[in-house]
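Engineer: In numbering that gives the first Met the number 0, the protein residues as written are 0 to 430.
Quick reminder that beta carbons are idealized off the backbone N, C-alpha and C, glycines included.
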Amino acid sequence: MTPEKIYTLKLREAVHLKIQKDWDREKQVTFAEKYEGLDSVNNKDGFYNEIKDEVDEALSKKFGLAVASRRSVSKDSVRRFLDLSYSKSFNDKNKDAFSVYLGYEHFKDFCLKNASSKEPTKRLGGEKSKWYLSLAALVVFGIAFIYWSYGGQIEDSEPGFVVNNGSEFFFDEEIDIDYDLKNLDYSRALFDINGQVEIVQKREGKQKFKFRTPGRRSVRLMVDSKPIKTQVLFVKTRDWWGSVNLDKPIYNVPFIENGVMRLPEELAPTDVKETYGNFQLFKDFKIKGDALVFETRVKNSAEMGSAWAFDVSLNLFGREGKQLAFNLLSPDAVIYANMLIADTHLKSFEERAKLNKMGIDLSFWRDVKVIMKDQVAKIFVDEELIFESPYRGEVGDLCGIQYFIKGRGAVDNIKISDLDGHVVFEDNFER
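And the structure:
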């Protein structure tokens with residue numbers, strides 16, 4: 000294998016690792032709970048378009064819209080690049096674009112900074128080995144230079160930031176940050192606030208902003224594409240927070256009326272095939288997600304203003320980022336059922352066979368009960384056990400609930416109790 004092919008493969012693997020690392024809540028709901036390669040992704044066309052948009056955004060940030068439009072990659076190029084079984088070559092434009100997506104200047108920059116003395120040396124011989132050893136020596140010199148001129152500076156000067164109003168606050172409150180880049184030599188600095196970008200104008204000062212969505216959110220100070228400091232914050236809601244899909248918050252239109260929570264009729268388009276109501280509540284529930292009884296009633300049908308597969312997804316979030324996430328949906332759509340419990344994700348053919356009963360008729364009100372006890376999760380519908388499985392890890396302290404419901408499906412009651420029957424939270428949606 001030639002050096003170019005070796006480093007192209009390294010680049011493709013690095014892109015997969017970035018996607019896995021950046022897998023956020025929106026992708027969990029839209030494509031898969033966890034990214035483990037293309038086989039784990041639902042709606043692959045939508046996924047390829049999502050990655051294409053992310054690559055285009057990286058190109059735009061680096062070169063500006065005019066230049067980026069000429070360097071853009073196609074959806075099919077994304078598909079081929081991510082399919083590691085595809086063995087044909089890629090043009091320089093695509094390799095450069097994905098290198099920029101990873102934070103490099105271009106493909107040659109990626110090769111230089113990811114040189115490994117083991118794999119290519121074993122595969123190359125004669126003059127090619129000498130070429131590689133020269134490259135490796137250059138990399139070693141570069142690393143030493145970076146350590147003395149840049150890395151040491153970061154360690155000594157300790158640039159960073161402090162969130163003045165603590166590690167948790169309400170969604171409608173402004174975050175107040177003091178930052179100081181000290182004597183750090185840099186071209187550009189910014190705050191990455193869970194995908195939002197706030198440019199840092201001065202070396203030292205204050206930054207204020209609000210999160211666009213509640214939950215566990217991160218604030219990261221970036222200097223020339225390198226993270227300097229990251230802090231995770233807990234953004235609470237005072238009541239339920241809603242949006243159409245995951246990107247259009249609901250303002251000034253009630254989505255809790257007549258004892259139910261559902262997408263308002265005026266916000267639901269005529270074509271509801273890809274429209275979901277997203278409803279979230281984040282607070283300290285003062286109960287462990289691994290020792291509780293969660294009860295709710297849900298309904299979804301075409302008559303209500305929904306579409307196949309009439310799915311209702313439920314997530315219970317732990318304070319440290321773990322969760323219980325599953326969906327109920329039409330029996331003829333059960334192939335799209337998902338289950339994630341802390342560190343256990345049912346994804347193999349044998350494991351997914353346990354989800355067959357998650358396909359149920361939701362055209363009338365169904366009572367759903369979840370029991371988390373002794374590292375075993377049980378789900379009942381109308382008192383019938385439809386799922387039971389042990390799981391690894393811990394959900395931890397319950398801090399959030401999310402419903403993601405297709406069309407205008409509805410929820411009309413929630414109750415959370417400890418294992419002794421003491422109710423810690425209840426909402427009948429009577430406002």
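Hey, arginine 318 and aspartate 238: beta-carbon distance below 8 Å or not?
Structural biologist: Here residue 318 is taken as the residue at index 319 of the sequence shown, counted from 1. Here residue 238 is taken as the residue at index 239 of the sequence shown, counted from 1. No, these two residues do not count as a Cβ contact at 8 Å.
Engineer: What does the alpha-carbon distance come out to for the pair lysine 353 and isoleucine 227?
Structural biologist: Your numbering for residue 353 matches position 354 in the sequence shown. Your numbering for residue 227 matches position 228 in the sequence shown. So the two alpha carbons sit approximately 44 Å from each other.
Engineer: Mind checking whether lysine 433 and lysine 87 have CB atoms under 8 Å apart?
Structural biologist: Only positions 0 to 430 of the chain appear in this structure, which leaves residue 433 out of reach.
Engineer: Is it true that the CB of glycine 406 sits closer than 8 Å to the CB of methionine 303?
Structural biologist: Here the question's residue 303 lines up with position 304 in the sequence shown. Here the question's residue 406 lines up with position 407 in the sequence shown. Yes, they are a contact pair.
Engineer: Exposed or buried, which one is serine 217 when buried takes at least 16 other CB atoms within 10 Å?
Structural biologist: To locate residue 217, count along the sequence shown from 1; it is residue 218. So serine 217 counts as exposed.
Engineer: My understanding is that aspartate 223 touches serine 166, with C-beta atoms under 8 Å, so please give their C-beta distance in whole angstroms.
Structural biologist: Position 224 of the sequence shown, counted from the start, is the residue given in the question as residue 223. Position 167 of the sequence shown, counted from the start, is the residue given in the question as residue 166. Wrong, their Cβ atoms sit about 27 Å apart, outside the cutoff.
Engineer: Could I get the ranges of all uninterrupted beta strand (DSSP E) runs contained in the region 241-276, with 3 residues as the minimum, in chain order?
Structural biologist: Counting only runs of 3 or more, we get 259-261.
Engineer: Are there 16 or more other CB atoms within 10 angstroms of the CB of aspartate 426, so buried, or fewer, so exposed?
Structural biologist: Translated into positions along the sequence shown, residue 426 becomes position 427. Its Cβ being crowded by 16 or more others within 10 Å, aspartate 426 is buried.
Engineer: In its own chain, which residues sit with a C-beta less than 7 Å from the C-beta of leucine 315, not counting the 5 before and 5 after it?
Structural biologist: Mapped onto the sequence shown, residue 315 falls at position 316. Only Gly288, Phe293, Gln322, Leu323, Val394, Leu397, Ile400 meet the Cβ criterion.
Engineer: Taking the Cβ atom as the reference point for each residue, do serine 416 and valine 410 lie within a distance shorter than 8 Å?
Structural biologist: Taking the first residue of the sequence shown as 1, we reach residue 416 at position 417. Taking the first residue of the sequence shown as 1, we reach residue 410 at position 411. For serine 416 and valine 410, no; Cβs fall outside 8 Å.
Engineer: Let me know the secondary structure DSSP gives methionine 371 once reduced to three states.
Structural biologist: In the sequence shown, the residue the question calls residue 371 occupies position 372. Looking at methionine 371 - three-state DSSP - the assignment turns out to be strand.
Engineer: According to DSSP, simplified to helix, strand and coil, what is methionine 303?
Structural biologist: Working through the sequence shown from its first residue, we reach residue 303 at position 304. In the structure shown, methionine 303 sits in a helix (DSSP, three-state: H, G or I).
Engineer: Can you name, in chain order, every residue of its own chain whose Cβ lies under 8 Å from the Cβ of leucine 361, other than the five neighbours on each side?
Structural biologist: As a first step, residue 361 must be located in the sequence shown, where it is residue number 362. Closer than 8 Å at the Cβ level, and outside the excluded window around leucine 361, lie Val297, Lys298, Asn299, Ser300, Phe309, Val311, Leu327, Leu328, Ser329, Gly408.
Engineer: Within the same chain, show all residues whose beta-carbon is closer than 6 Å to that of histidine 15, passing over the 5 residues directly before and after it, in chain order.
Structural biologist: To locate residue 15, count along the sequence shown from 1; it is residue 16. Once the five neighbours on either side are set aside, histidine 15 has no close Cβ partner at all.
Engineer: Please confirm if the region 327-346 is in contact with the region 31-38, defined as three or more CB-CB distances below 8 Å between the two stretches.
Structural biologist: They touch, by the three-pair rule.
Engineer: Tell me which same chain residues have a C-beta within less than 6 Å of the C-beta of tyrosine 103, skipping the five on either side of it?
Structural biologist: In the sequence shown, counting from the first residue as 1, residue 103 sits at position 104. Excluding residues within five positions, the ones whose Cβ falls inside 6 Å are Phe109.
Engineer: Have a look at Ile5, Thr212, Tyr390, Val72 and flag the residue whose alpha-carbon is nearest the alpha-carbon of asparagine 113.
Structural biologist: Taking the first residue of the sequence shown as 1, we reach residue 113 at position 114. Checked all of Ile5, Thr212, Tyr390, Val72; the closest Cα to asparagine 113 is Ile5.
Engineer: Which of helix, strand or coil does DSSP assign to histidine 105?
Structural biologist: Locating residue 105 in the sequence shown gives position 106, where the first residue counts as 1. Residue state, collapsed to three classes: coil.
Engineer: Below 7 Å CB to CB, which residues in the same chain sit around phenylalanine 160 once its five sequence neighbours on both sides are set aside?
Structural biologist: Here residue 160 corresponds to residue number 161 of the sequence shown, with the count starting at 1. Cβ within range, chain order: Ile176, Asp177, Tyr178, Leu220, Lys228.
Engineer: When burial is assigned at 16 or more other CB atoms within 10 Å of the CB, is methionine 357 buried or exposed?
Structural biologist: As a working mapping, residue 357 is identified with position 358 in the sequence shown. Burial call: buried.
Engineer: Rank Arg24, Gly204, Phe169, Leu180 by C-alpha distance to the C-alpha of glycine 194 and give the top, closest one.
Structural biologist: As a first step, residue 194 must be located in the sequence shown, where it is residue number 195. Among Arg24, Gly204, Phe169, Leu180, the Cα nearest to that of glycine 194 is on Arg24.
Engineer: Please report the residue range of the alpha helix (DSSP H) in which arginine 79 lies.
Structural biologist: For the purposes of this step, residue 79 is taken as residue 80 along the sequence shown, with counting starting at 1. 74-81 is the span of the alpha helix (DSSP H), which, as asked, contains arginine 79.
Engineer: Taking the beta carbon of histidine 344 as the centre, do at least 16 other beta carbons fall within 10 Å, making it buried, or is it exposed?
Structural biologist: What you label residue 344 is simply residue 345 of the sequence shown in a count that begins at 1. The residue in question, histidine 344, is buried, as its Cβ has 16 or more Cβ neighbours within 10 Å.
Engineer: What distance in whole Å lies between the Cβ atoms of valine 234 and phenylalanine 281, which are believed to be in contact at a cut-off of 8 Å?
Structural biologist: For the purposes of this step, residue 281 is taken as residue 282 along the sequence shown, with counting starting at 1. For the purposes of this step, residue 234 is taken as residue 235 along the sequence shown, with counting starting at 1. Yes, they are in contact, since the Cβ atoms of phenylalanine 281 and valine 234 sit about 7 Å apart, within 8 Å.
Engineer: Quick one: is serine 215 buried, meaning 16 or more other Cβ sit within 10 Å of its Cβ, or exposed?
Structural biologist: Here residue 215 refers to the residue found at position 216 when the sequence shown is read from its first residue. Checking the sequence, you will find arginine at residue 215 rather than serine. Under this definition arginine 215 is a buried residue.
Engineer: Buried or exposed for leucine 58, please, with buried defined as at least 16 other CB atoms from any protein chain shown within 10 angstroms of its CB.
Structural biologist: Here residue 58 corresponds to residue number 59 of the sequence shown, with the count starting at 1. Burial call: buried.
Engineer: Check asparagine 113 in the structure and name its three-state DSSP category.
Structural biologist: Numbered from its first residue, the sequence shown carries residue 113 at position 114. Looking at asparagine 113 - three-state DSSP - the assignment turns out to be coil, as it is neither helix nor strand.
Engineer: Buried or exposed for phenylalanine 363, please, with buried defined as at least 16 other CB atoms from any protein chain shown within 10 angstroms of its CB.
Structural biologist: Mapped onto the sequence shown, residue 363 falls at position 364. Burial call: exposed.
Engineer: When the Cα of leucine 10 is compared with those of Val380, Phe424, Asn251, Asp91, which residue comes out closest?
Structural biologist: Position 11 of the sequence shown, counted from the first residue, corresponds to residue 10. Of Val380, Phe424, Asn251, Asp91, the residue nearest in Cα terms is Asp91.
Engineer: In this structure, does DSSP put aspartate 223 in helix, strand or coil?
Structural biologist: Sequence index remark: in the sequence shown, residue 223 carries index 224 (1-based). If DSSP states are grouped into helix, strand and coil, aspartate 223 belongs with coil.
Engineer: If we require 3 or more residues per run, which beta strand (DSSP E) segments fall completely within the region 172-204?
Structural biologist: Entirely contained in the region 172-204, the beta strand (DSSP E) runs reaching 3 residues are, in chain order, 174-179, 188-192, 195-198.
Engineer: Return the Cβ separation of valine 54 and alanine 96 in integer angstroms, given the expectation that the two are a contact with Cβ distance under 8 Å.
Structural biologist: On the sequence shown, position 55 is the one that residue 54 refers to. On the sequence shown, position 97 is the one that residue 96 refers to. That pair is a contact at about 6 Å.
Engineer: Could you say which of Tyr275, Ile359, Gln374 lies nearest to glutamate 383 if we only look at CA atoms?
Structural biologist: Residue 383 sits at position 384 when you count from the first residue of the sequence shown. Closest by alpha carbon: Ile359.
Engineer: Identify, in the order they occur along the chain, each residue of the same chain with its Cβ nearer than 7 Å to the Cβ of serine 305, setting aside the five sequence neighbours on each side.
Structural biologist: Locating residue 305 in the sequence shown gives position 306, where the first residue counts as 1. So the qualifying residues of the chain are Val271, Asn299, Lys405, Gly406, Arg407, Gly408.
Engineer: Assuming contact is defined by CB atoms lying nearer than 8 Å, are asparagine 93 and serine 76 in contact in what I supplied?
Structural biologist: In the sequence shown, counting from the first residue as 1, residue 93 sits at position 94. In the sequence shown, counting from the first residue as 1, residue 76 sits at position 77. Cβ atoms of asparagine 93 and serine 76: closer than 8 Å.
Engineer: In chain order, what are the residue ranges of uninterrupted alpha helix (DSSP H) at least 4 long that sit wholly in the region 331-362?
Structural biologist: Whole alpha helix (DSSP H) segments, 4+ residues: 348-351.
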